[in-house]
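Just so you know, the sequence shown maps onto residues 0 to 217 in numbering that gives the first Met the number 0.
Down below is the structure, laid out as structure tokens.
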Amino acid sequence: MIEPYYSDKWVTIYHGDCREILPQLPKVDSVLTDPDYNAKNIGPNEREYEGGMPALGADGYKAFCKSWFEMVSAIADDIVFTSGIANMWNYPEARWVLCWHKPAAVSFNRMGGFNAWEPILVYGKPFKRLPQDYLYFNTKNSLKGMERKHPCPKPTDLWSYLISIMKDGVILDPFLGSGTTAVCCKKLNRKCIGIEIEEKYCEIAARRCSQSVLELNI
């Protein structure tokens, strides 16, 4: 078994490609994650392009989506993740699709206002109670501190809400990024396993977890 990059009572973080680490993990209760949308950082030899240019192309990225989703489905029955609007069709039909409205992120590019909302795909029955179908969180105002060091951070209030209504047990995040899932789990006394391919984000996530009591009281 691979050695953890970081570990405490509530959180375990692994550094590496989730496609290599997931087969080594035991079964978990739920998955909550935010996978890469454009595939530019999904593997050590697949980072040639930046700025939204998919490194794998459409077919390669679709295969990546299929690969990681099948791997987490093998160890978890309940899966919740943000797919991005353009990538919804790369995954099986979800049981629910929640709408996260984020007015601070409205775009004025050729995609119009598409990034003013984001789908959250739900598989299985992960929630202790039914969530709101329409989730309103102002991303700009709810990001702070080390959360902003990742290019696609998720606000702690959104993630904390989802975790708070998820069934008890271990939560897995195979795309941990700067550690929001881990920090929120720790705040709510939930066990979390995180995987992150970029060591610089593992370092940030580990630092956030070690300082989580201070950070979450800011």
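Each residue gets a CB set at the ideal place from its N, CA and C atoms; glycine is no exception.
- D58 has no beta-bridge partner at all, per DSSP.
- About 6 Å separates the CB atoms of C184 and W9; that is less than 8 Å, so the two are in contact.
- For V182, the enclosing alpha helix (DSSP H) covers residues 179 to 186.
- In this structure, S72 is the residue among S72, C201, I194 with its C-alpha nearest to the C-alpha of V121.
- Here S82 has Y90, P118, L120 as same chain residues with Cβ atoms under 7 Å from its own Cβ, once five neighbours each way along the sequence are excluded.
- Assignment of V71 by DSSP, reduced to helix, strand and coil, places it in the helix class.
- Taking the C-beta atoms as reference points, A181 is found nearer than 8 Å to D172.
- Using a Cβ distance threshold of 8 Å, I194 and C17 count as a contacting pair.
- M165 counts as buried, since no fewer than 16 other beta carbons sit within 10 angstroms of its beta carbon.
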